[in-house]
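J.:
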Amino acid sequence: MSNKVNKVNQSEQVFDAIHSVMHLYRARQLRGLRDTPHELTHMEYKALGFFARHPGATQGDLVAHSGRDKAQLARLLKGLRDKQLLDAAADQADRRITRLTLSAEGARVFGSLNALGTQVSGLAVAGMSAQQLEQLQALLQQIRDNLEADEM
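Residue 924 in the working numbering sits at position 101 of the sequence shown, and the numbers go up by one each step.
(1) Determine, using beta carbons only, whether Asp910 and Ser926 come nearer to each other than 9 angstroms.
(2) To the nearest angstrom, how far is it from the Cα of Val844 to the Cα of Asp884?
(3) Please report the distance separating the alpha-carbon of Ala840 from that of Arg876.
(4) Could you give the distance in angstroms between the alpha-carbon of Arg904 and the alpha-carbon of Thr881?
(5) At which residues does the alpha helix (DSSP H) containing Leu885 begin and terminate?
(6) Tell me the rounded alpha-carbon separation between Ala938 and Gln836.
(7) Does DSSP classify Asp910 as helix, strand or coil?
(8) Roughly how many whole angstroms lie between the Cα atoms of Arg851 and Ala916?
(9) Enumerated in chain order, which unbroken segments of the alpha helix (DSSP H) with a length of 4 residues or greater are wholly contained in the stretch 924-957?
(10) Can you tell which of Glu971, Phe874, Lys893, His865 has the C-alpha that lies nearest to the C-alpha of Arg922?
(11) Assuming Leu946 contacts Gly855 under a Cβ cut-off of 8 angstroms, what Cβ separation, rounded to an integer in Å, is found between them?
(12) Looking at Leu899: is its Cβ nearer than 9 angstroms to the Cβ of Met866?
(13) Since Leu871 and Leu908 are thought to touch, with beta carbons under 8 angstroms apart, how far apart are those beta carbons, to the nearest angstrom?
(14) Quick one: measure Cβ to Cβ for Thr924 and Gly879, integer angstroms, because I've assumed they're closer than 8 angstroms.
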């Protein structure tokens, strides 16, 4: 019985540590987002990232990818267009469809924020060897696999 209790306590401690690390990481990222002239929210940054990876995608594509509410994303994308971070163009085959791409300013802003994310990631793993990073990645993948297998 004592062994089972210890394992439960250890698993809770592991997830408390994971949660704490992600909270610190996100706090650093969000601080960087707020420090830009555009004062982007986390979701705006995620939307810019989506269109950076999928230029010419539609609002519907983002809804399907994110699982967010269509109206919420419509407001968010309008805000990004108003800030001139996204460009919109009618689809050539179906003029009712609007294709979205990063504007030149949007690409610049996203690139600088992405660099900030890389910097924060580097800071987080400073002092760890390549072997330690591989081991950590393997352990986290095992946790992910366990959680995904439980969905079946």
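Built from N, CA and C at the ideal position, the CB exists for glycine as well.
T.: Based on what the coordinates show:
(1) yes
(2) 31 angstroms
(3) 31 angstroms
(4) 13 angstroms
(5) 882-889
(6) 31 angstroms
(7) strand
(8) 43 angstroms
(9) 927-947
(10) Phe874
(11) Leu946 to Gly855, Cβ: 12 angstroms. No contact.
(12) yes
(13) 6 angstroms
(14) 6 angstroms
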